[in-house]
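>
Protein chains in written order, with the working numbering: chain A, 21 to 587; chain B, 84 to 286.
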């Protein structure tokens with residue numbers, strides 16, 4: 021037997037093993053709890069979870085062991101986040117897809133040190149759709165996402181509420197987060213290869229779920245480190261894409277397969293009304309025979325980019341059809357919402373970028389335009405309210421998943437042919453295959469900030485950690501430029517403080533851009549972007565002692581530090 | 084794909100170097116230095132304070148880590164069993180207290196009282212002892228044996244192979260190592276991977 025034959029045989033044996041073990045026993049799909057309202061308490065901590073027989077796997081979770089709660093926002097509400105990190109390491113939490121001020125965005129600049137509370141808040145202006153939150157600490161994103169930090173955000177609005185589509189969470193409206201992980205001999209996660217050997221659907225291996233005999237809505241997120249998914253059903257039935265990253269489409273789009281790259285979301289309707297109660301159907305990743313450059317198409321099952329799930333079709337979710345619910349949706353709506361999309365004619369600024377480097381065999385990572393990401397460099401400056409057209413060209417060696425913060429865009433062209441109907445809605449992330457140029461148009465509205473940048477990057481975790489990222493600021497040319505004069509002064513009272521600490525500005529027009537409170541040994545306790553200070557700062561839970569309050573002035577962006585005592 | 088960024092290759096190299104060093108040291112019987120650390124009762128504890136001891140079970144642990152918390156009752160059991168055989172257990176916390184208020188000395192005292200620790204719980208404030216042992220995680224157990232006046236590492240790694248379910252443990256690594264040494268045998272499994280929270284060393 022030749023070497024290649026032995027290898028082939030081993031591969032087949034592995035696959036058979038995988039197939040049989042996955043058939044042997046299903047586990048009930050975990051569906052994350054929801055949090056609604058306008059205040060959201062998120063505690064990030066190191067924890068552990070039982071994935072495989074034997075020892076537990078060290079994970080990190082938000083209010084749980086792996087993957088966090090689903091946050092339900094209403095469009096028009098101002099949402100306040102209390103993010104408390106108990107991790108060993110610094111982290112950040114980015115609200116993927118949200119249109120918000122850069123200082124609230126949770127990108128690589130909003131570092132949350134261990135033990136710190138970070139309190140961003142913003143007005144929800146995005147349309148009803150499926151978003152998510154995840155760590156974004158530069159060079160640590162892969163490790164921290166791999167540990168399980170992240171969660172869904174579902175936005176609801178009036179237009180979506182008026183439609184006859186499924187929206188009962190965990191009954192006929194199911195969130196599905198797709199990822200895969202590998203384990204070492206002691207059951208610890210290993211990211212030696214970014215492609216995992218075990219499929220995890222909502223953190224569940226070999227997941228099964230009972231779904232009612234009617235139209236069911238699946239909100240699917242690819243939260244992988246690197247793998248793409250080419251999704252379809254095991255009987256090749258037609259299903260319908262109703263929403264993209266940033267909102268519902270104008271009308272459902274019929275498909276039998278839909279690709280979902282890293283960071284992308286898609287909302288599907290699938291009709292189980294024709295199935296018998298007790299029937300089963302599988303949601304499958306048809307990942308075999310994908311063209312070169314599709315992440316996960318690599319033929320290797322071991323090594324730095326190996327995985328038992330590479331270049332094979334594998335089960336994502338086993339669905340058991342159950343009895344219909346009382347208010348079942350039994351018809352497909354012909355129309356969804358009326359979107360007014362931007363076109364190329366609207367754009368006043370045109371930009372283009374190339375995927376570069378990534379030289380084989382040298383370990384050189386991918387970059388945009390030969391420029392590795394640098395936290396101190398602003399790569400692009402966008403005028404507030406500008407409508408811009410961005411083209412990213414990938415003549416390099418591998419596929420990517422391009423994501424940009426702050427905005428939802430409309431893809432207007434793909435050099436390989438027409439833009440696919442299933443990606444015709446509002447997007448914040450798209451597949452950029454090899455030998456392709458993709459162009460989008462977007463408006464950069466509402467939030468100007470010359471200090472804090474937004475990111476654009478490849479969402480493949482090792483690629484962004486490796487420097488395939490850039491940053492842009494949105495500036496207001498009509499706004500008042502930062503002056504050279506010193507900021508007005510402020511005083512803290514009462515000092516010593518007990519329950520609340522108040523700030524009194526010597527100039528009443530002065531506002532705080534950022535407040536950071538540290539204790540006597542320099543540990544950060546509070547990070548408050550653009551805090552609303554009228555009600556004071558709660559310090560009832562502070563230990564007695566000396567603290568320092570660093571306040572950055574909104575106009576001058578200069579920082580003044582004051583000491584106070586908690587008793 | 085094949086084009087991995089440099090951080091990982093660096094990490095790989097580091098891994099290769101550290102694992103080769105470790106395995107070299109284990110086969111070459113790596114030894115550690117005595118120390119003098121403050122116990123939760125305020126007194127200093129050193130290995131030389133135990134002239135009768137044949138060896139020690141040294142466990143690097145801490146208050147805050149969820150995986151370390153799972154093992155506190157098991158540390159008491161190990162100590163009860165092997166103290167009688169002159170192999171006392173000593174727990175050491177080397178956690179960065181600037182980052183973790185939970186791991187400060189007053190909190191260690193509270194924990195030892197609450198969990199009724201029958202063994203010393205030492206505060207490695209300078210992290211020098213953890214560095215000397217190369218402790219990686221909490222918990223990370225070492226079995227050291229007195230040989231010709233030196234403290235030789237005979238086992239390094241996990242306490243056993245199941246954190247959350249003590250009843251499902253198949254391999255009692257530390258107990259097996261001590262049993263073998265007490266019977267004058269070689270330790271069959273000299274090194275396992277300790278799992279838990281990373282010990283963060285201050286720079």
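Cβ coordinates follow ideal geometry from the N, Cα and C atoms, glycine included.
#1: Which residues in the same chain have their Cβ closer than 6 Å to the Cβ of residue 124 (chain A), if we skip the five residues on either side of it in sequence?
#2: What are the boundary residues of the beta strand (DSSP E) that residue 340 (chain A) is part of?
#3: Name, in chain order, the residues that DSSP records as bridge partners for residue 122 (chain B).
#4: Can you list the residues of chain A that residue 276 (chain B) reaches, using a CB-CB cut of under 9 Å?
#5: Could you list which residues in chain B have their beta carbon closer than 7 Å to that of residue 66 (chain A), in chain order?
#6: Throw me the rounded Cβ distance for the residue 5 (chain A) and residue 260 (chain A) pair, which I believe falls under 8 Å.
#7: Identify every run of the beta strand (DSSP E) within the region 116 to 159 of chain A, keeping only runs that are complete inside it and at least 3 residues long; order them along the chain.
#8: Within 8 Å (strictly less), CB to CB, does residue 528 (chain A) reach chain B?
#9: What's the gap between the Cα of residue 122 (chain B) and the Cα of residue 195 (chain B)?
#10: Whole angstroms is fine: what's the gap from residue 92 (chain B)'s alpha carbon to residue 508 (chain A)'s?
#11: What does residue 78 (chain A) touch in chain B if you count any residue whose Cβ is under 7 Å from its own?
#12: Would you mind sorting residue 148 (chain A) into buried or exposed? The rule is 16 or more other CB atoms within 10 Å of its CB.
#13: Nearest CA to the CA of residue 445 (chain A): which residue from A:559, A:230, A:358, A:73?
#14: Output yes if chain A places a C-beta closer than 8 Å to the C-beta of residue 201 (chain B); else output no.
#15: Beta carbons nearer than 8 Å to chain A: which residues of the region 175 to 191 of chain B have them?
#16: The region 254 to 278 of chain B: which residues have C-beta closer than 8 Å to a C-beta of chain A, in chain order?
#17: Checking the sheet assignment: what are the DSSP bridge partners for residue 351 (chain A)?
#18: Does the beta-carbon of residue 90 (chain A) have 16 or more other beta-carbons within 10 angstroms, so that it is buried, or is it exposed?
#19: Quick one: is residue 561 (chain A) buried, meaning 16 or more other Cβ sit within 10 Å of its Cβ, or exposed?
#20: Assuming contact is defined by CB atoms lying nearer than 8 Å, are residue 98 (chain A) and residue 156 (chain A) in contact in what I supplied?
#21: I need the straight-line Cα distance from residue 422 (chain A) to residue 362 (chain A), nearest angstrom please.
#22: To which residues does DSSP link residue 228 (chain B) through a beta bridge?
#23: Where does the unbroken alpha helix (DSSP H) through residue 194 (chain A) begin, and where does it stop?
#24: Using a cut-off of 8 Å between C-beta atoms, extract the partners of residue 247 (chain B) located in chain A.
#25: If we define contact as Cβ-Cβ less than 8 Å, is residue 283 (chain B) a contact residue for chain A?
#26: Could you tell me the distance, in whole angstroms, from the CA atom of residue 360 (chain B) to the CA atom of residue 246 (chain B)?
#27: Between the Cα of residue 52 (chain A) and those of A:88, A:61, A:60, spot the shortest distance and give me the residue it belongs to.
#28: Which same chain residues, not among the five before or five after residue 225 (chain B), have their C-beta less than 7 Å away from its C-beta?
#29: Would you verify that the beta carbon of residue 135 (chain A) is, or is not, closer than 8 Å to some beta carbon of chain B?
#30: Give the single residue among A:224, A:222, A:120, A:79 whose Cα lies nearest to the Cα of residue 163 (chain A).
#31: For a quick check, are the C-beta atoms of residue 221 (chain A) and residue 238 (chain A) less than 8 Å apart?
#32: Taking the Cβ atom as the reference point for each residue, do residue 521 (chain A) and residue 559 (chain A) lie within a distance shorter than 8 Å?
#33: With respect to the alpha helix (DSSP H) encompassing residue 263 (chain B), which residues constitute its N-terminal and C-terminal limits?
#34: Can you find the residues in the same chain that come closer than 7 Å, C-beta to C-beta, to residue 67 (chain A), ignoring five residues on each side of it along the sequence?
#35: Comparing alpha-carbon positions, which option in A:244, A:582, A:190, A:556 lies nearest residue 567 (chain A)?
#36: Establish whether the CB of residue 566 (chain A) and some CB of chain B are separated by less than 8 Å.
This is what the structure gives:
#1: As a position in the first chain, residue 124 (chain A) is number 104, starting the count at 1. Same-chain partners within the cutoff: 140, 142, 549.
#2: For this step, residue 340 (chain A) is matched to residue 320 along the first chain. Per DSSP, the continuous beta strand (DSSP E) segment holding residue 340 (chain A) begins and ends at 333 to 342.
#3: Along the second chain, read from residue 1 onward, the residue named residue 122 (chain B) stands at position 39. B:205.
#4: If you number the second chain from 1, residue 276 (chain B) lands on position 193. Simply 204, 205, 206, 208.
#5: Mapped onto the first chain, residue 66 (chain A) falls at position 46. Within chain B, the residues near residue 66 (chain A) are 148, 149, 280.
#6: Since the first residue shown for chain A is 21 and the last is 587, residue 5 (chain A) is missing from the structure and cannot be characterised.
#7: 141 to 143, 149 to 154
#8: On the first chain, position 508 is the one that residue 528 (chain A) refers to. It does not: the Cβ of residue 528 (chain A) has no partner Cβ on chain B nearer than 8 Å.
#9: In the second chain, residue 122 (chain B) corresponds to position 39, counting from 1. In the second chain, residue 195 (chain B) corresponds to position 112, counting from 1. Cα to Cα, the separation comes out at about 10 Å.
#10: Taking the first residue of the second chain as position 1, residue 92 (chain B) is located at position 9. Taking the first residue of the first chain as position 1, residue 508 (chain A) is located at position 488. In this prediction, residue 92 (chain B) has a pLDDT of 41, which is less than 50 and means its spatial position is unreliable; what the coordinates show is noted afterwards. Answer to the nearest angstrom: the Cα atoms are 50 Å apart.
#11: Within the first chain, residue 78 (chain A) is the residue found at index 58, counting from 1. Result: 150, 278, 279.
#12: Within the first chain, numbered from 1, the residue matching residue 148 (chain A) stands at position 128. The residue is buried, with at least 16 neighbouring Cβ atoms inside 10 Å.
#13: The sequence position of residue 445 (chain A) within the first chain is 425, counting from 1. A:358 is the residue among A:559, A:230, A:358, A:73 whose C-alpha sits nearest the C-alpha of residue 445 (chain A).
#14: Sequence index remark: in the second chain, residue 201 (chain B) carries index 118 (1-based). Output row for residue 201 (chain B): interface = no.
#15: Against chain A - using a Cβ distance shorter than 8 Å - the residues of the region 175 to 191 of chain B are 181, 182, 183, 184.
#16: Of all residues in the region 254 to 278 of chain B, 275, 276, 278 have a Cβ within less than 8 Å of some Cβ in chain A.
#17: As a working mapping, residue 351 (chain A) is identified with position 331 in the first chain. DSSP lists no partner for residue 351 (chain A).
#18: Taking the first residue of the first chain as 1, we reach residue 90 (chain A) at position 70. Residue 90 (chain A) should be labelled buried.
#19: Taking the first chain and counting its residues from 1, one reaches residue 561 (chain A) at position 541. It counts as exposed.
#20: As a first step, residue 98 (chain A) is located in the first chain; it is residue number 78 there, counting from the start. As a first step, residue 156 (chain A) is located in the first chain; it is residue number 136 there, counting from the start. Result no, Cβ atoms of residue 98 (chain A) and residue 156 (chain A) do not sit closer than 8 Å.
#21: Locating residue 422 (chain A) in the first chain gives position 402, counting from the first residue. Locating residue 362 (chain A) in the first chain gives position 342, counting from the first residue. About 19 Å.
#22: Counted from its first residue, the second chain places residue 228 (chain B) at position 145. Looking at the DSSP assignment, residue 228 (chain B) forms a beta bridge with B:138, B:235.
#23: Against the first chain, residue 194 (chain A) aligns to sequence position 174. Note, residue 194 (chain A): premise wrong, no alpha helix (DSSP H); beta strand (DSSP E) at 193 to 203.
#24: For this step, residue 247 (chain B) is matched to residue 164 along the second chain. Near residue 247 (chain B) (Cβ distances below 8 Å), the residues of chain A are 68, 70, 76.
#25: Position 200 of the second chain, counted from the first residue, corresponds to residue 283 (chain B). With 8 Å as the cut-off, residue 283 (chain B) counts as an interface residue toward chain A.
#26: Only positions 84 to 286 of chain B appear in this structure, which leaves residue 360 (chain B) out of reach.
#27: Looking up residue 52 (chain A) in the first chain gives position 32. Residue 52 (chain A) has its Cα closest to that of A:88, out of A:88, A:61, A:60.
#28: Position 142 of the second chain holds residue 225 (chain B). These residues qualify, in order along the chain: 141, 216, 236, 238, 239.
#29: The residue you call residue 135 (chain A) lines up with position 115 of the first chain. Answer yes: the Cβ-Cβ gap between residue 135 (chain A) and chain B drops below 8 Å somewhere.
#30: For the purposes of this step, residue 163 (chain A) is taken as the residue at position 143 of the first chain. The residue with the shortest Cα to Cα distance from residue 163 (chain A) is A:79.
#31: As a working note, residue 221 (chain A) is residue 201 in the first chain. As a working note, residue 238 (chain A) is residue 218 in the first chain. Against a cut-off of 8 Å, the Cβ pair of residue 238 (chain A) and residue 221 (chain A) comes out as no contact.
#32: Within the first chain, the letter at position 501 stands for residue 521 (chain A). Within the first chain, the letter at position 539 stands for residue 559 (chain A). Yes, they are a contact pair.
#33: In the second chain, the residue the question calls residue 263 (chain B) occupies position 180. Per DSSP, residue 263 (chain B) belongs to the alpha helix (DSSP H) from 256 to 265.
#34: Against the first chain, residue 67 (chain A) aligns to sequence position 47. Once the five neighbours on either side are set aside, the close Cβ partners of residue 67 (chain A) are 79, 80, 81, 85.
#35: One-based indexing of the first chain puts residue 567 (chain A) at position 547. Residue A:582 is the option with its Cα nearest to residue 567 (chain A).
#36: On the first chain, residue 566 (chain A) is found 546 positions in, with the first residue counted as 1. So, not an interface residue.
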